Amino acid sequence: MPAAAPSADFVAALREYQPLLRRVARLYCQDADDRQDLFQEMVLQLWRAWPRYVPQPNAKLSTWLYRIALNVAISNLRQRTRRPAPTALDAEALAVAQTADSDFDADDRAVLYRAIGRLSEVDKAFVLLYLEDRPYEEMADILGITQNNVRVKMHRVQEKLRSLLVPAA
Amino acid sequence: MELDDLRRQWQQPEPAAPPLNQADLNRLLAPRSDGLVERMRRNARLETVFVVLVAVAVPPLIGFADNFLLRAEAVSLFLLSLVLLAYYYRKLKMLRLMTRLDGHVLGNLRRLCAGLRSMLRFNYRLTLAMAPATLLLMYEYVVGQELARPGGVRTAMLIGLGTAFLAAGLLLQWAVAATTRRYLQYLYGQHLDRLEASLRELAEPAPTPAN
Chain A
1 MPAAAPSADF
11 VAALREYQPL
21 LRRVARLYCQ
31 DADDRQDLFQ
41 EMVLQLWRAW
51 PRYVPQPNAK
61 LSTWLYRIAL
71 NVAISNLRQR
81 TRRPAPTALD
91 AEALAVAQTA
101 DSDFDADDRA
111 VLYRAIGRLS
121 EVDKAFVLLY
131 LEDRPYEEMA
141 DILGITQNNV
151 RVKMHRVQEK
161 LRSLLVPAA
Chain B
1 MELDDLRRQW
11 QQPEPAAPPL
21 NQADLNRLLA
31 PRSDGLVERM
41 RRNARLETVF
51 VVLVAVAVPP
61 LIGFADNFLL
71 RAEAVSLFLL
81 SLVLLAYYYR
91 KLKMLRLMTR
101 LDGHVLGNLR
111 RLCAGLRSML
121 RFNYRLTLAM
131 APATLLLMYE
141 YVVGQELARP
151 GGVRTAMLIG
161 LGTAFLAAGL
171 LLQWAVAATT
181 RRYLQYLYGQ
191 HLDRLEASLR
201 ELAEPAPTPA
211 N
């Protein structure tokens with residue numbers, strides 16, 4: 001049981017941003033159990049950090065949440081599940097936003113997800129923030145590097161992804 | 001097929017997640033103990049309790065000791081427990097800092113790597129120091145007994161025993177060093193290697209534009 005009941009504003013924030021945390025977990029973990037485990041860890045760390053959160057006029061709550069979520073995902077210091085990485089994503093991961101997009105089918109998506117799965121934890125952070133459509137300024141704020149560096153590394157990650165996709169294409 | 005294609009889909013609204021009820025929240029916020037830092041904190045707290053017990057139990061023994069060397073040995077143990085208390089205070093403080101994850105990713109990686117590295121180094125040195133300290137305390141006790149012996153001090157026996165202690169100490173030190181290094185690498189090394197690789201990757205500066 002938690003030490004104290006979560007405050008109403010925390011519960012409200014969690015309800016609003018739960019999809020964000022789940023998207024981070026989905027990008028970092030291909031296995032459903034690991035994904036749920038990571039999601040739970042992010043929520044727990046968020047709750048622990050919540051008393052220190054001070055709303056500021058120029059800072060978005062989402063930036064703060066991305067920092068915690070990515071810190072948990074990258075520095076995941078848990079005993080990792082000792083099973084081989086799956087070669088294909090499970091149904092939940094593949095079902096991500098399966099809206100009508102005729103020229104981008106499930107197979108293409110699976111190939112791209114597999115390529116993302118082979119990136120380093122840090123590269124995945126760039127991919128996530130790119131997919132989340134965060135501006136370079138916010139990416140720099142979340143990651144702690146300069147905007148120029150974000151731009152350069154983002155370009156490299158895209159190149160890396162392309163090179164990973166070439167043999168599979 | 002590019003990342004942009006996936007981005008278009010990624011940003012489509014997802015089906016609404018089921019609302020979290022109180023039971024879900026309790027489950028999500030239940031303290032977990034399988035994290036590395038949490039495990040280190042729990043171990044450090046247990047060890048601190050043990051050291052506090054020693055620090056509290058030893059001072060009365062100093063008064064009861066019937067000869068100077070036994071008293072000196074109790075004082076040494078007490079001083080050692082004070083050093084350990086200072087160490088555990090520092091360790092717990094560092095571990096508390098390592099659980100703060102609301103800073104930017106680069107800063108968090110730096111803090112984690114520095115904290116873990118320093119903790120492992122200190123653990124290793126402390127473990128290495130323990131074997132000679134224990135042998136020294138044992139030898140100190142033997143010398144104390146010998147000095148209190150009515151028949152006088154057997155110098156040759158003390159030198160022989162001292163040499164045996166030294167040889168045993170060297171052998172022990174070699175074994176302890178090798179075992180501790182392997183054990184720490186097994187427990188924490190893989191995590192540290194992974195974190196340091198991430199830190200190097202993120203901290204690598206962007207190339208300056210050519211003139």
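Which chain is which? The protein sequence lines are A and B, in order.
Take 1 as the starting number for the first sequence in this note's numbering and just add one per residue.
Take 1 as the starting number for the second sequence in this note's numbering and just add one per residue.
Built from N, CA and C at the ideal position, the CB exists for glycine as well.
What you are looking at is a predicted structure, and each value in this text was computed from that prediction instead of being measured.
Notebook entry, point to check: Roughly how many angstroms separate the alpha carbons of V51 of chain B and S81 of chain B, rounded to a whole number?
Noted result: Going by the C-alpha atoms only, they are around 6 Å apart.
Margin query: Using only the alpha-carbon positions, how far apart do A125 of chain A and G35 of chain B sit?
Written below: 21 Å
Notebook entry, point to check: Helix, strand or coil for G35 of chain B per DSSP?
Noted result: Strand, per DSSP.
Notebook entry, point to check: Between the beta-carbon of T48 of chain B and the beta-carbon of L85 of chain B, is there less than 9 Å?
Noted result: yes
Notebook entry, point to check: Taking buried to mean at least 16 other C-beta atoms within 10 Å of its own C-beta, is E121 of chain A buried or exposed?
Noted result: buried
Notebook entry, point to check: Where does N123 of chain B sit, in a helix, a strand or coil, going by DSSP?
Noted result: helix
Checklist line | Residues, ordered as in the chain, of the segment 130-150 of chain A that lie near chain B by beta-carbon distance below 8 Å | finding: With the criterion set as a beta carbon lying under 8 Å from some beta carbon of chain B, the members of the segment 130-150 of chain A are Y130, L131, E132, D133, D141, I142, L143, G144, I145, T146, N148 and N149, in sequence order.
Notebook entry, point to check: My guess is that L187 of chain B and L109 of chain B are in contact by the Cβ rule of under 8 Å, so how many angstroms apart are they, rounded?
Noted result: So it is not a contact: roughly 20 Å between Cβ atoms.
Next item on the list: With DSSP as the reference, label H104 of chain B as helix, strand or coil.
Entry: coil
Check: Quick one: complete alpha helix (DSSP H) runs, 4+ long, within the segment 123-163 of chain A?
Finding: 136-143
Next item on the list: Evaluate A148 of chain B with the Cβ neighbour count: other Cβ atoms within 10 Å of its Cβ, from every protein chain shown; 16 or more gives buried, anything less gives exposed.
Entry: exposed
Notebook entry, point to check: Using the C-alpha atoms, what's the distance from L120 of chain B back to L119 of chain A?
Noted result: 29 Å
Margin query: Just checking: is the beta-carbon of N108 of chain B within a distance shorter than 9 Å of some beta-carbon in chain A?
Written below: Interface residue, yes.
Checklist line | Among A:Y136, A:G144 and A:I142, nearest to H155 of chain A - alpha-carbon criterion | finding: Residue nearest to H155 of chain A within the set A:Y136, A:G144 and A:I142 is A:Y136 (criterion: CA-CA distance).
Note to self: Quick check on DSSP: helix, strand or coil for T54 of chain A?
What the structure shows: Position check: residue 54 of chain A holds Val in this sequence, whereas Thr was assumed. Residue state, collapsed to three classes: coil.
Next item on the list: Kindly say whether E159 of chain A, judged by its beta-carbon, lies nearer than 9 Å to any beta-carbon of chain B.
Entry: no
Next item on the list: Name the two residues that bound the continuous alpha helix (DSSP H) containing D24 of chain B.
Entry: In the DSSP assignment, D24 of chain B falls within the alpha helix (DSSP H) that extends over Q22 to L29.
Item checked: Opening and closing residue of the alpha helix (DSSP H) in which K93 of chain B lies -> For K93 of chain B, the enclosing alpha helix (DSSP H) has its first and last residue at F68 to M98.
Notebook entry, point to check: If we cut at 9 Å on Cβ distances, does K60 of chain A have a partner in chain B?
Noted result: no
Margin query: So for R111 of chain B, helix, strand or coil by DSSP?
Written below: helix
Next item on the list: Please go through the same chain and pick out, in chain order, the residues whose beta-carbon is closer than 8 Å to the beta-carbon of L165 of chain A, but skip the five residues on each side of it.
Entry: V111, L112 and A115
Item checked: Nearest-angstrom Cα separation, counted from L27 of chain A out to G117 of chain A -> 8 Å
Margin query: If you follow the alpha helix (DSSP H) that P19 of chain A is in, where does it begin and where does it stop?
Written below: A8 to Y28
Check: Starting from R67 of chain A and walking both ways along the alpha helix (DSSP H), at which residues does that stretch end?
Finding: L61 to I74 is the span of the alpha helix (DSSP H), which, as asked, contains R67 of chain A.
Next item on the list: Report yes if the CB atom of I68 of chain A is closer than 9 Å to the CB atom of D5 of chain B, and no otherwise.
Entry: no
Notebook entry, point to check: Among residues of its own chain, excluding the 5 on either side of S163 of chain A, which ones have a beta-carbon nearer than 8 Å to its beta-carbon?
Noted result: Within the same chain, S163 of chain A has no close Cβ partners at all.
Notebook entry, point to check: Is the CB-CB distance between I142 of chain A and V56 of chain B below 9 Å?
Noted result: No, they are not a contact pair.
Checklist line | Chain-ordered chain A contacts of S198 of chain B [CB-CB under 8 Å] | finding: I74, S75, S120, E121 and V122
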